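K.L.:
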Amino acid sequence: MSIADAPVRAVISPSASLDRAARRVLAANWRRGATVPAGGLYPHQWSWDSAFIALGLRHFSPVRAQRELESLFGAQWTDGRVPHIVFDPLVPADAYFPGPAFWRSADVAGAPGVPTSGIVQPPAHALAAWETFRAAPAVARSRRFLERLYPRLVAWHDFLLTARDLRGRGLVSVVHPWESGMDNSPAWDVPLSRVVPLPPAELARRDLAHAAAAERPTDTDYGRYIRLARDYRDSGYRETPGFAVEDPLCNALLAAGEHALASIAAEIGLDPARHLARAQQVTDALMAELWDVTAGTFFAYDVVGDAVLRSYSIAGLLPVVVPDLPVATDLVKTALGDRFRLADACPVPSYDLTAADHEAGRYWRGPGWINTSWLFWYGLRLHGETGLADDLRDRLLARVRTAGFREYLDPLTGAGFGTDDFSWTAALTLDLIRTGPRR
Amino acid sequence: MIKISCQEQLLPGESLQAKWDFAARAGYDGIELRAKGDFAFRDRLPELRQAARDGVPMPSVCVDMLHFIGAFDADLRRDAIAQLRSQLSVIAEIGGSVACTPASYGMFSRRLPPFEPPRTPDADRAVLLAALSELGAHAEANGVTLVLEPLNRYEDHMVNRLDEAVSLIDEAGSRGLRVLADTYHMNIEEDEPTSALVKTADRLGHVQVSDSNRFQPGAGHIDWGALLGTLDAIGYDGHLAVECRLRGEPTAAVAAIPGYLRRWS
Chain X
1 MSIADAPVRA
11 VISPSASLDR
21 AARRVLAANW
31 RRGATVPAGG
41 LYPHQWSWDS
51 AFIALGLRHF
61 SPVRAQRELE
71 SLFGAQWTDG
81 RVPHIVFDPL
91 VPADAYFPGP
101 AFWRSADVAG
111 APGVPTSGIV
121 QPPAHALAAW
131 ETFRAAPAVA
141 RSRRFLERLY
151 PRLVAWHDFL
161 LTARDLRGRG
171 LVSVVHPWES
181 GMDNSPAWDV
191 PLSRVVPLPP
201 AELARRDLAH
211 AAAAERPTDT
221 DYGRYIRLAR
231 DYRDSGYRET
241 PGFAVEDPLC
251 NALLAAGEHA
261 LASIAAEIGL
271 DPARHLARAQ
281 QVTDALMAEL
291 WDVTAGTFFA
301 YDVVGDAVLR
311 SYSIAGLLPV
321 VVPDLPVATD
331 LVKTALGDRF
341 RLADACPVPS
351 YDLTAADHEA
361 GRYWRGPGWI
371 NTSWLFWYGL
381 RLHGETGLAD
391 DLRDRLLARV
401 RTAGFREYLD
411 PLTGAGFGTD
421 DFSWTAALTL
431 DLIRTGPRR
Chain E
1 MIKISCQEQL
11 LPGESLQAKW
21 DFAARAGYDG
31 IELRAKGDFA
41 FRDRLPELRQ
51 AARDGVPMPS
61 VCVDMLHFIG
71 AFDADLRRDA
81 IAQLRSQLSV
91 IAEIGGSVAC
101 TPASYGMFSR
111 RLPPFEPPRT
121 PDADRAVLLA
131 ALSELGAHAE
141 ANGVTLVLEP
151 LNRYEDHMVN
161 RLDEAVSLID
171 EAGSRGLRVL
181 ADTYHMNIEE
191 DEPTSALVKT
201 ADRLGHVQVS
211 DSNRFQPGAG
221 HIDWGALLGT
231 LDAIGYDGHL
241 AVECRLRGEP
251 TAAVAAIPGY
261 LRRWS
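If you're matching them up, the sequences are chains X and E in order.
Residues in the first sequence are numbered from 1 upward in steps of one, following the working numbering.
Residues in the second sequence are numbered from 1 upward in steps of one, following the working numbering.
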């Protein structure tokens, strides 16, 4: 086999620094204006992946970090939604399912010229844009990065807080498990059980060619996902397709994102007050609607079933990223408890370690992810828990050094799962290295 | 810390020693020599030996002729190989380690009339492999490296991308052969220059730098942060040899290059 045919893999050895290995992954996964999450399994641009990837790219190429976000928002719909996938027209149409032929964005008025999906992902982008700016203000100013991105970020948040405030309580609903970013979370089992799955024969899965079936969603769950996506598509991406939940992570990122928009507005000479007010409104709604004081966590709310989803997910702890959150200390306490074992489990488990249905290796049903762990680390620092933050950072880096840039890891053994050379794992590793202990 | 060298014709000064005084002050780590035909490089040996004794670092030499190892004409091809053999011997003698050549330059382009070259791709490949095998063995024997440089499609019709050069040197099979990555040509030919560098990491022997418009780094639109960050990430520890045209007052332009590049590394 010649080198030209060899798969691109980061070789992590004691002699090659983790920093260099991370940059190798990011260089190899860059595709003319955006980064693919992984060359095989995820060969297009994903929305919240791009936000996390920009956080790493900013240390390597400020221009690429800015372009990562600009290219994503270049595919924004006129209603403000930022699609969860922007398809690369140069990648074969059958390389990923559901692909452009499934989503049919061109049939919808207001969709961009490039093919996209029609659902969204958690709004981590304003936070990423502000951090990207902070890494290289001179480059950003010369390219008018924030001036160009700001109105698009505002339109994105406006979409979420209008079209997606389904209960009128000031919180955003996601209408598909994939929109939560935590596709297969046990928190969605109850609302998902109401959805009649499409038969396996109608599912042209591609993910199983790249990862072990035991680590991926089951055919039944996959059939439900496709049913929901199809119904939503067939309504012109307007009607709630039988699934709607208020997810604490999405709403926490929105609140943190409004704080970031306030900083961005101030930087470009606009009034930050409206963003600070909106951040407070979302924070208040999170506290009023999703906080459970006894449990010490936030629970998602099933809008269709009109019930609290009492499932201990990492999403319930991630409002720790919200500045001025009144219960940050409680969240840290819960994280340190048996369910998440912050002091020794790493990455932070996606789901309750004590639950009977915890599965350490299955997609979002137990394993730890670098992005949610990064968010928790970010929140720890935000609320002054620098000792815990530094310890988590060191253990995350040790895990990646051993397992490589895997998609997700067993939080107790550190075994890696899913795809390798995963871009946000590399990007956030680079950020953890470069940011260092105690800013 | 990246190492930066400058081609000799870009540096002010009458002698290599004077050029090096200037280059060292500007932050360069070495001088890339240029080798004309008719064994002119060998004939410079007294000058080059004295420069080496005076401490001028000369890590590489770049061929400066109008016929090359891929010439259509067998006599020209034979001469190009003889010249490169000699250049490899000379660069080894003065303490350098790299001699550079493209497959050809200015001989034929499939993008310009008459579009169809007089030799088949298979015959092109056979000619190049024969030359590379001979030169690779000679380079190995001298403890130095011959690097094959892909040029853009308007300057050569045989080797335009890094993967094409990798394929040739792999088949030639000598450890004395490596690939030269030139940022200007890559900017035209590679889908993604940084991805191409990652894939070529194990075969990369030399790098020449100029911006997207062939002027000095900083004059065009190459993302130097991404490029230099990638070279460091793949563990490239050779020189970046400046080979470019100069925009602005030449002396000031050439002096500013090391500072500009190190901003991004």
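Quick reminder that beta carbons are idealized off the backbone N, C-alpha and C, glycines included.
Here the structure is a predicted model, which is why all the values come from computation and not from measurement.
#1: Any Cβ of chain E within less than 8 Å of the Cβ of residue 105(X)?
#2: Relative to chain X, which residues along the stretch 79-101 of chain E have a C-beta separation below 9 Å, given in chain order?
#3: Between which residues of its own chain and residue 425(X) is the CB-CB distance below 6 Å, once the five residues before and five after are set aside?
#4: Count the other CB atoms within 10 Å of the CB of residue 93(X); is the residue buried (16 or more) or exposed (fewer)?
#5: Find the nearest neighbour of residue 210(E) within the set 236(E), 83(E), 200(E), 223(E), judged by alpha-carbon distance.
#6: Would residue 14(X) be called buried (16 or more neighbouring beta carbons within 10 Å of its own) or exposed?
#7: Quick check: what's the CA-CA separation for residue 321(X) versus residue 95(X)?
#8: Could you please tell me which residues of the stretch 215-238 of chain E, in chain order, have their CB closer than 8 Å to any CB of chain X?
#9: Let me know the beta strand (DSSP E) ranges lying completely inside the stretch 155-224 of chain E, each 3 residues or longer, listed in chain order.
#10: With the cut-off set at 8 Å, would you say residue 22(X) and residue 74(X) are in Cβ contact?
#11: In this structure, what does DSSP give as the bridge partners for residue 416(X)?
#12: Per the contact definition of three or more C-beta pairs closer than 8 Å, is the stretch 204-220 of chain E in contact with the stretch 233-245 of chain E?
#13: Taking a cut of 8 Å between CB atoms, which residues from the stretch 54-80 of chain X lie near chain A?
#14: From 284(X), 77(X), 218(X), 42(X), pick the residue whose C-alpha is nearest to that of residue 113(X); which is it?
#15: Measure the CB-CB distance between residue 29(E) and residue 60(E) and report whether it falls below 8 Å.
#16: Measure the alpha-carbon distance for residue 229(E) versus residue 162(X) and round it to whole angstroms.
#17: So which residues of chain E does residue 28(X) contact, with C-beta pairs closer than 7 Å?
#18: Among all the DSSP beta bridges, which residues are the ones paired with residue 35(X)?
#19: Which of the three DSSP states is assigned to residue 399(X) in this structure?
#20: Would you be able to state if there are at least three C-beta pairs under 8 Å between the stretch 161-181 of chain E and the stretch 126-139 of chain E?
#21: Is it the case that the Cβ atoms of residue 129(X) and residue 160(X) are separated by a distance below 8 Å?
#22: Any idea which residues DSSP pairs residue 245(E) with across the strands?
#23: So is residue 229(X) buried or exposed if we call it buried at 16+ other beta carbons inside 10 Å?
#24: Just tell me which of 75(E), 15(E), 148(E) has its CA closest to the CA of residue 51(E).
#25: Using three-state DSSP, classify residue 394(X) as helix, strand or coil.
#26: Less than 7 Å between the CB of residue 207(E) and some heavy atom of the ligand GTP, yes or no?
#27: Using a C-beta to C-beta distance shorter than 7 Å, which residues of chain X count as neighbours of residue 192(E)?
#28: If you reduce the DSSP assignment to three classes, tell me which class residue 41(E) lands in.
#29: Using C-beta distances below 6 Å, list every residue in its chain close to residue 108(E), excluding the 5 sequence neighbours before and after it, in chain order.
#30: Flag residue 23(X) as yes if its beta-carbon sits less than 8 Å from any beta-carbon of chain E, otherwise no.
#31: Determine the DSSP secondary structure at residue 278(X), reduced to helix, strand or coil.
#32: Can you tell me whether residue 58(E) is buried or exposed, with buried defined as 16 or more other CB within 10 angstroms of its CB?
#33: Below 7 Å CB to CB, which residues in the same chain sit around residue 253(E) once its five sequence neighbours on both sides are set aside?
#34: When you compare each of 351(X), 428(X), 63(X) to residue 225(E) by their alpha carbons, which one comes out closest?
#35: Residues of chain E with CB closer than 8 Å to the CB of residue 20(X), please, in chain order.
#36: Give the DSSP bridge partners of residue 45(X), in chain order.
P.N.:
With the structure as the only source:
#1: Numbered from its first residue, the first sequence carries residue 105(X) at position 105. Chain E contact via Cβ: absent.
#2: Of all residues in the stretch 79-101 of chain E, none places a beta-carbon less than 9 Å from a beta-carbon of chain X.
#3: Counting from one through the first sequence, the residue named residue 425(X) turns up at place 425. Within the same chain, residue 425(X) has close Cβ partners 370, 405.
#4: Translated into positions along the first sequence, residue 93(X) becomes position 93. Classification of residue 93(X): exposed, given that the 10 Å Cβ count is below 16.
#5: Taking the first residue of the second sequence as position 1, residue 210(E) is located at position 210. The residue from 236(E), 83(E), 200(E), 223(E) with its alpha-carbon nearest to that of residue 210(E) is 223(E).
#6: Here the question's residue 14(X) lines up with position 14 in the first sequence. With a pLDDT of only 38 at residue 14(X), under 50, the local geometry of the prediction cannot be trusted, and the value read off the model is given with reservation. Counting Cβ neighbours within 10 Å, residue 14(X) comes out exposed, since fewer than 16 surround it.
#7: As a first step, residue 321(X) must be located in the first sequence, where it is residue number 321. As a first step, residue 95(X) must be located in the first sequence, where it is residue number 95. Going by the C-alpha atoms only, they are around 35 Å apart.
#8: Taking 8 Å as the cut-off between beta carbons, the residues of the stretch 215-238 of chain E near chain X are 223, 225, 226, 229, 230, 232, 233, 234, 235, in sequence order.
#9: For the stretch 155-224 of chain E, the full-length beta strand (DSSP E) segments reaching 3 residues or more read 177-182, 204-209 along the chain.
#10: As a first step, residue 22(X) is located in the first sequence; it is residue number 22 there, counting from the start. As a first step, residue 74(X) is located in the first sequence; it is residue number 74 there, counting from the start. Result no, Cβ atoms of residue 22(X) and residue 74(X) do not sit closer than 8 Å.
#11: Residue numbering aside, residue 416(X) sits at position 416 when the first sequence is read from its first letter. Answer is 409(X).
#12: Counting Cβ pairs under 8 Å, three or more are found: they touch.
#13: The question asks about chain A, but that chain is absent: this structure's protein chains are X and E.
#14: Locating residue 113(X) in the first sequence gives position 113, counting from the first residue. When 284(X), 77(X), 218(X), 42(X) are compared, the shortest CA-CA separation from residue 113(X) is found for 77(X).
#15: Here residue 29(E) corresponds to residue number 29 of the second sequence, with the count starting at 1. Here residue 60(E) corresponds to residue number 60 of the second sequence, with the count starting at 1. No.
#16: Indexing the second sequence from 1 puts residue 229(E) at position 229. Indexing the first sequence from 1 puts residue 162(X) at position 162. Taking the straight line joining both Cα atoms gives about 42 Å.
#17: The residue given as residue 28(X) occupies position 28 in the first sequence. Per Cβ cutoff of 7 Å: 195, 198.
#18: For the purposes of this step, residue 35(X) is identified with residue 35 of the first sequence, where counting begins at 1. According to the DSSP secondary-structure assignment, residue 35(X) is paired through a beta bridge with 30(X).
#19: What you label residue 399(X) is simply residue 399 of the first sequence in a count that begins at 1. Helix, per DSSP.
#20: A contact exists between the stretch 126-139 of chain E and the stretch 161-181 of chain E.
#21: To locate residue 129(X), count along the first sequence from 1; it is residue 129. To locate residue 160(X), count along the first sequence from 1; it is residue 160. By the CB criterion at 8 Å, residue 129(X) and residue 160(X) fall outside the cutoff.
#22: Counting from 1 along the second sequence, the entry for residue 245(E) is found at position 245. Here residue 245(E) is bridged, per DSSP, to 215(E).
#23: The count along the first sequence starts at 1 and reaches residue 229(X) at position 229. Label assigned to residue 229(X): buried.
#24: The sequence position of residue 51(E) within the second sequence is 51, counting from 1. Comparing Cα-Cα distances from residue 51(E) to each of 75(E), 15(E), 148(E), the minimum goes to 15(E).
#25: Taking the first sequence and counting its residues from 1, one reaches residue 394(X) at position 394. Correct three-state label for residue 394(X): helix.
#26: The model on display carries no ligand, and the ligand GTP is accordingly not part of it.
#27: To locate residue 192(E), count along the second sequence from 1; it is residue 192. Those are 30, 31, 32, listed as they occur along chain X.
#28: Translated into the one-based positions of the second sequence, residue 41(E) becomes position 41. Residue state, collapsed to three classes: helix.
#29: As a position in the second sequence, residue 108(E) is number 108, starting the count at 1. When the five nearest sequence neighbours on each side are left out, the beta carbons in the same chain lying within less than 6 Å of the beta carbon of residue 108(E) are those of 117, 157, in order along the chain.
#30: Here residue 23(X) refers to the residue found at position 23 of the first sequence. Residue 23(X) has a beta carbon lying within less than 8 Å of a beta carbon in chain E.
#31: As a first step, residue 278(X) must be located in the first sequence, where it is residue number 278. Three-state result, residue 278(X): helix.
#32: To locate residue 58(E), count along the second sequence from 1; it is residue 58. Counting C-beta atoms within 10 angstroms of its own C-beta, residue 58(E) has 16 or more neighbours from the protein chains shown and is therefore classed as buried.
#33: Translated into the one-based positions of the second sequence, residue 253(E) becomes position 253. These residues qualify, in order along the chain: 216, 246, 247.
#34: As a working mapping, residue 225(E) is identified with position 225 in the second sequence. That would be 63(X), whose Cα lies nearest to the Cα of residue 225(E).
#35: To locate residue 20(X), count along the first sequence from 1; it is residue 20. Neighbourhood of residue 20(X) in chain E, by CB distance below 8 Å: 232, 233, 234, 235, in chain order.
#36: Against the first sequence, residue 45(X) aligns to sequence position 45. Looking at the DSSP assignment, residue 45(X) forms a beta bridge with 86(X).
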